[in-house]
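Quick note, the sequences are listed as chains C and G, same order.
In this text, residue positions in the first sequence follow the working numbering: the first is 97, and each later residue adds one.
In this text, residue positions in the second sequence follow the working numbering: the first is 147, and each later residue adds one.
C-beta atoms are modelled at their ideal positions from N, C-alpha and C, and glycine is treated no differently.
Quick notes on the structure that follows.
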Amino acid sequence: MTAQVPPSAAPSLFSPERWQRIQSLLRELDTRQSVWLSGYLMSVNLRAEEESLSASEQQETPILIAYGGETGNSESLATQMADRMRAASVPVKLVNLSDFRARHLKREHTVLIICSTHGDGDPPEPIQEFYDELTGERSPKLNKIRFAVLALGDSSYDHYCQTGKEIDCRLVELGATRLAPRCDCDVDFDEPANKWMQQMLEVLVDRGSAEPLTSEPAQQLVSEFSKGHTKQNPCEVEILENSRLSDSGRHSAIHHIAFAYDDCEFAISPGDAIGVFAHNSDCLVSAVLAATSLSSEEMVNVKGSSQPLALALKTALDLIVPGKRLLDHWVHLADSPELLQIYHTGTTWQREFLRSHQVLDLLEKYPAFPDAQEFVDCMRPLQPRLYDVANAFPDVDGEMQILVKHFHYAIADREETGVASDYLLSLEPGDNVHVYPHKNVRFRLPESHNVPLLLIADGTGVAPYRAFIQALESRAERNPCWLVFSEQHYEEDFLYQVDWQKAHSAGCLQFVDAVFYNDDPEQSLESAIQNHSDRLLDWIRQGAHLYFCGDKERLTTCEAALQKFYESTVDNPRISGDPSWKQLDMDRRIHRNLY
Amino acid sequence: MKNIEVKRDCDLSQAVETLNANERLKFDSRYLRGSIEQGLGDTLTRAVPGDDPLLLKFHGIYQQDNRDRRADRKRRRLEPDYQFMVRLRIPGGRCTVDQWRGLDSIANTFAERGLRITTRQTIQLHGVRKPELKRCMQAIRDIGLDTIAACGDDSRGVVCGANPALSKVQGEVWCLAMATSARLIPKTRAYPEIWYEEPAVAQSIDEDPQYGPLYLPRKFKVGFAIPPENDVDIYAQDLGYIAVVDAGVLSGFDVCVGGGMGQLDTRDDSYPRLAEVIGFIPAQEAPTFAEVVMGIQRDYGDRMDRHRARFKYTLDRLGTDWFLATLAERRGKPLAPARDVRFTHNGDHLGWLRGDDGRWHVTLYIESGRIDGALQDQIQGLFQQFGGTIRLTPNQNITLCNIDSAEREQLEYRLADLGLEWRLRVDTQSLNTLSCVALPTCGLAMAESERYLPHFLERFNGLKAQHGLRDRVITLRITGCPNGCARPYLAEIALTGRAPGLYNLYLGGGFHGQRLNRLFAENVNENGIFSILDPLLARFSQEADPDVHFGDFLMEAGVIEQPLLIRKD
C-alpha cells in the first residue's frame, strides 16, 4: 500500500524540489513505517515548540546588573548601565550585592557585575557576605549563566581591581560563561567604563532593535534619571563654620566644619556621608607648572570642558599619585636612562616606582617638556572624598556638619599631608565647596526603636553617631545607646564632649566609655567594652545592633576581640541559643563604616 | 545671767525649707556625702556634677576651671577645663621636712604649678584632675595630713602667729592652736569613706554633734597671735586669741570676735569688719571656748541671706550685749576684762632670727607664696640639709625653725649655693605685699592678681624711688575680687578686682592691721591708680616724718576721712 499525501500542501510549505524529494521518500515506506514516522514527526515538532517557547521566556528574564562598593562609583555605573539597557528596551534588574545571595545567581541567565576593590585587594565591606559565599566551599554551580565583570580599582595599589578579578575567575570556575573579557578600570574610570557598557549593549541587544548609541558622556544620561544633586551634579555650598576641635598643638588637627544646606537638593539620613570635591593647593599647582614649564593660561580639555591648565590642575587632576599612563608617557618624554631602566625592569618595578614617587617627584627628578593636553590626558582625576555627616537634621540646622582629621602620611622618607584635609582645613566661612550626597544604606539606625545600640568609634568615627543620637532625641521611643570612643587625650580630644553630656542628661545616651590611649595606653576600645562584658552579652541577647566606625585597623582589631570574646562565651552550653557572630552579621546587626 | 530675747526669724530655728538653698543642700547631704562618690566615677565629665562642688569644699576641695581656656574650649565643644584646688589643713602652718618632701612629691604627681602657700598658713595644690583626686587625698593622708574643713561652712584652718623671742610661749600657743583645730573640725565619716574608701559604719543620728546636719551658716576663722607680732592679722578673724604673756609665761588670751574681710561691691549692707576685743580667758580654755563661740554663730547666724551669714553680721545684727550674755550663759560665767596688749609689727621678719632658747629661725621670702619650677627644686634641695620643722607664715613665706648654731652654718652655705640667699633680705616692699590666686583658676576672680603683681610691684617701686621713698614700707595688697582672700581691707594701699584691668582702690589702712582702709576710687585702671598715687606719694615724701606710715599720713593729712568706722551702717 502506498501512502497518499495531499499535493496541495506543497506550494505553501515546501519548495517544489524538496516536495519532490519528500514524495519520492514517502513512496518507499510501508504503512507501519509511515505510522511510526508520523508519530516521530509529531514529537519532534512538540519539542521544537517547547524550545522556541523557552527561548522567548528567556528573552523576558531580565538581565541582572549587580554592583558592589563603598564609595558609590559602582552603584552610579550600574545605574547608568541599567538606564541604557532600559532605553534599549532590554529588561533589567538592578541589585546591590550587599543585598544579594550568591546562590541566587543560579536563577539568572545573564549577569553583569560592576564591583570595586577596597584598599589593597580587599572586597568592599558591603559585599563581604556575597564574596564569602561565592568563594566558599558551598558555592553554587553556575554553568547556565553568562556574565561580564567591570572591575573598579586604583592602580596605585598592588592588588588593583582584585575583587573584580577574583569574582571573574570564580564565576568561570563555577561553570559560568564569560560574555566578554573583564574590564579593569582605574580611578579615571569614565571612559573605559563607558566603552564596556557600549560593548555590553552590543552583545546583549539585538542590533536591529538597539537604540543608536550615544557618544555623549554618561553624566548626561544619569542626570536625566536622577533628581537633585549627585556626584555628577554636585551642589556648591558655603562654609559656615570651620572650628578646630583638637588642641592647637596636635599634629593631626581635627576640625568641625559646617556647610550651608539651604541650596542642597538632596536628603541626608543619619549615617549618610557627603562627598567633597577638594582642590589642590596653589603651591602644588605652581610646582607642577614650574616642573613641566607649562603655562598656567594654556587651555586644555578635561572631560569635555575647556579650561586653563592651572584651573584643571587645581580642581580636576590628582597631582599626588602618578598613574601608569603618566609613567608610560613620561618615560618617552624624559629620555632618562635611569627611568628607562626602571621602566623596562618589569611591572613590579614600575608599581614600586609609582608607589614610592609622587607626581612631583617624577616631574622634578626626570625633567621633561610635555604638551599640556597630553599631560592632562595621562593624569588621574582628582577624586572626591567622603565624610560622614555629624548631624541628623541638616534641614532644621540649616547646615551639614562633618569632622575632618588632618591626614598625614609618610612617603619616600618624608611626611606629606592629605590634599583633601589640607583643603578643608584651610577653608574659611564664606568660601564655597562642591558636595554631593552619599548614601550609606548599610550604616543606618535599625527600624526597631527598642533594640539597644552599641556605637563604637575611633576618632572622627564618632561623627555619624552624633547624627544617630540626635535622631533618637527626636523620638518618643529611644533605643538604649552605649557609645565607646577612643582618642588621644581626655582633656583635648573628647570630640563633641558637650553633645554627649547633653544627650546623656536627656536620657538618649545611657553609657559612654571613652578610651584615651595617650592617657592610658593599657586601654583599648575592646577592653572598654569587655569591662562591661555582662552588658555586652545582655544587649546582644536583646537584639543589639553593633556599629564600628573610624580607623579600619583599630576597629577591625576591636571587632575581632569582641567576636573572640563572644564566641568563647556563647560556646558555654549554659547560655546556648545565642546567635553566632556570623549570624549577627548575616542578620545585619553588625554595621561597619571603616576607613 | 539671763539671755536676752532676740528675733530668730532667719536662723537655725526656722524650717529648713525656708532657708537658703545651700542650707537645704547641706541638710540633704547626709553629713557632707551628697553624691560625691558617684560624681567622682562619672567619666563623661571632669567636673563633679550638680551641687556636689559645694559639699566638696567641706572636704577642702574647690572645683575650678582654667578660665583662660573657657572661650576656646566652648568653641571646641569641650566642657570647661575642670580641675580641683586641694587645700590642706595645717594648723599654725607647721609641718615636718618629711611632710614637705611628701607634699613636694604630691604636687609633682597630681598638681600643676607646684605648691602655693596661703595667707592662712597652709598649702594649696592647683590643677588636680578628677581621676587623680582620690589618690591625691590618700597620698596626703599617707604623710599625716588632711584637708578636712579647709574650705566650706565650717571652722577653717586655725592660724597661729610666730614669736621666736618667746619660744616657750610660742610652743604652747601652737599646741593650743592644734587642739582648737582638732576640736572644731567636722567629724563626719564622709571624709574617710569617700577619700580613703573606708567602709561605711552604721551612721549615728548625730554624726557631727558640734555642727549638726546644717553645719555653719558660713566659714568661721580662728587665729592666734603672740604680740607684738600681728603676722596673722588677728582683727580679720572671726575669733582671735591674742596671747597675754606675764614674765615670760603664757597666762591666757585676750579674745576678739567678729572680724572678716569679705564684702560685696553690690550691697551696701556688706562690709569688711575688724574684730573687737571682748575680754580675757585662761590659756587652756581656748579650744572649748572656740567651740562655744562657734556654737552661738551656728545657732544664731543668718541662714537665709548668705551674704549676711558671717559672724561679724550676727554680732552687728544681734548686738554685742546679746552676744556677751549668751556667751556667759553657755560658758557658765562672764568674761574677765581684757588685758592691754599691743602689736608693733604686721609682716614677717625675713632672714635669721635667734629665739630666746638660743636656736635660730630663718625666713625666706616667697613671692605670692608660689613655689614651683626652679624654686620648687631649690627648696627641695635646701631641705636635704635640714631635718627640723617648717612653718608656713601667714604672709605666704616659709620659715625653717629651731636651727642650732652648727646647723646654721651648713644651711647658710646651702642657701648661698642654691641661690636662695637673696630671699633672706628682699626689699621690704615685696615683703609687705600680698596677692590672692585669682585668674585663671579662681571662679570668683574678676581681674588678675597673682599674675599681675610682679608687674604692678615693679611700677610701684619705680614710683616710690622717684619720690625718694625706696626704703619706706607701705603695705600693698591685690585681690581679684572683693572677697578678701589676701585681706586687702587692712592694707595701706589695696586693689580689689572689678573687671579685667579695673580695680577699686582702697587707701589708708593701718600698717599693723589695726585699721580698715577706705574706698578711694572705683573702677580705675593701672594708669588711673598711678595718677592717684603719684601726688599722694609726693606729699608723703615731702610732708611726713620718717617714722610715720603712709596710711596714718593719709588720715592725718585729711586725704582719708576720719574716723574710720569699724562698720558701715
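Which same chain residues, not among the five before or five after residue i, have their C-beta less than 7 Å away from its C-beta?
i      : result
G/L651 : L641, F666, A667, V670, I675 and I678
C/W677 : Q659, Y662 and E663
G/R500 : W506
C/R203 : none
G/F699 : F686 and A690
G/R560 : L528 and Q531
C/V531 : P330, C331, V333, F355, I370, G371 and V372
C/Q679 : none
C/S432 : Y462
Can you check whether the C-beta of residue i is within less than 8 Å of a C-beta belonging to chain G?
i      : result
C/E569 : no
C/V333 : no
C/H600 : yes
C/E618 : no
C/Y613 : no
C/Q593 : yes
C/P543 : First, the amino acid is wrong: residue 543 of chain C is Glu here, not Pro. Not closer than 8 Å to any Cβ of chain G, the Cβ of C/E543 fails to qualify, so no.
C/Q597 : yes
C/A610 : yes
C/F590 : yes
C/E622 : no
C/E587 : yes
Quickly, what does DSSP pair residue i with across the bridge? List them, please.
i      : result
G/W498 : G/V508
C/L736 : Since the first residue shown for chain C is 97 and the last is 691, residue 736 of chain C is missing from the structure and cannot be characterised.
C/P694 : Coverage of chain C is limited to positions 97 through 691, which leaves residue 694 of chain C absent and any answer about it impossible.
C/H351 : C/R340 and C/V500
G/G406 : G/R419
G/R247 : Its beta-bridge partners do not exist; DSSP assigns none.
C/K189 : C/L160
C/P542 : Per DSSP, none; premise fails for C/P542.
G/V232 : G/I207 and G/L271
G/L651 : G/L641 and G/A667
Is residue i close to chain C? Criterion is C-beta to C-beta, closer than 8 Å.
i      : result
G/T255 : no
For residue i, which residues of its own chain have a beta-carbon under 8 Å away from its beta-carbon, when the five flanking residues on both sides are left out?
i      : result
C/M682 : E225
Ordered along the chain, which non-local residues of its own chain (more than five positions away) have a Cβ less than 6 Å from that of residue i?
i      : result
C/E655 : F644
C/K189 : P158 and L160
G/D445 : L158
G/F489 : P373, P374, N376 and H658
G/N578 : G493, V619 and T621
C/L173 : I210 and A289
G/G248 : I289
C/L456 : A383
At a Cβ cut of 7 Å, what residues of the segment 197 to 230 of chain G count as close to chain C, listed as they run along the chain?
Of all residues in the segment 197 to 230 of chain G, only R221, R222, R223, L224, E225 and D227 come within less than 7 Å of chain C when Cβ atoms are compared, listed by chain position.
Can you pull out the residues from the segment 339 to 352 of chain C whose beta carbon lies closer than 9 Å to at least one beta carbon of chain G?
Going along the segment 339 to 352 of chain C in chain order, one finds S339, R340, L341, S342, D343, S344 and H352 with a Cβ nearer than 9 Å to chain G.
For the pair the segment 312 to 331 of chain G and the segment 392 to 400 of chain G, tell me if three or more CB-CB distances fall below 8 Å.
Yes, the segment 312 to 331 of chain G touches the segment 392 to 400 of chain G.
With three or more C-beta pairs closer than 8 Å as the rule, is the segment 267 to 278 of chain C touching the segment 225 to 242 of chain C?
With the cut-off at 8 Å, the segment 225 to 242 of chain C and the segment 267 to 278 of chain C touch.
Mind checking the segment 166 to 198 of chain G against chain C and listing, in chain order, the residues whose C-beta falls within less than 8 Å of any C-beta there?
Within the segment 166 to 198 of chain G, the residues whose Cβ lies closer than 8 Å to some Cβ of chain C are T189, L190, T191 and R192, listed in chain order.
Decide if the segment 431 to 441 of chain C is in contact with the segment 469 to 482 of chain C; the criterion is three or more beta carbon pairs, one per stretch, under 8 Å apart.
Not touching, per the Cβ criterion.
Under 8 Å (Cβ pairs) to chain G, residues found in the segment 480 to 509 of chain C
Against chain G - using a Cβ distance shorter than 8 Å - the segment 480 to 509 of chain C contributes no residues.
Using 8 Å as the threshold, is the segment 514 to 527 of chain C in touch with the segment 542 to 559 of chain C, meaning 3 or more CB pairs across them?
Too few Cβ pairs lie closer than 8 Å, so no.
Is the number of C-beta pairs between the segment 447 to 459 of chain G and the segment 369 to 382 of chain G that are closer than 8 Å three or more?
The way I'd put it, the segment 447 to 459 of chain G doesn't touch the segment 369 to 382 of chain G; fewer than three beta-carbon pairs between them come closer than 8 Å.
Does the segment 253 to 263 of chain C come within contact of the segment 212 to 229 of chain C, defined as at least 3 CB pairs closer than 8 Å?
Because the criterion of three Cβ pairs below 8 Å is met, the segment 253 to 263 of chain C and the segment 212 to 229 of chain C touch.
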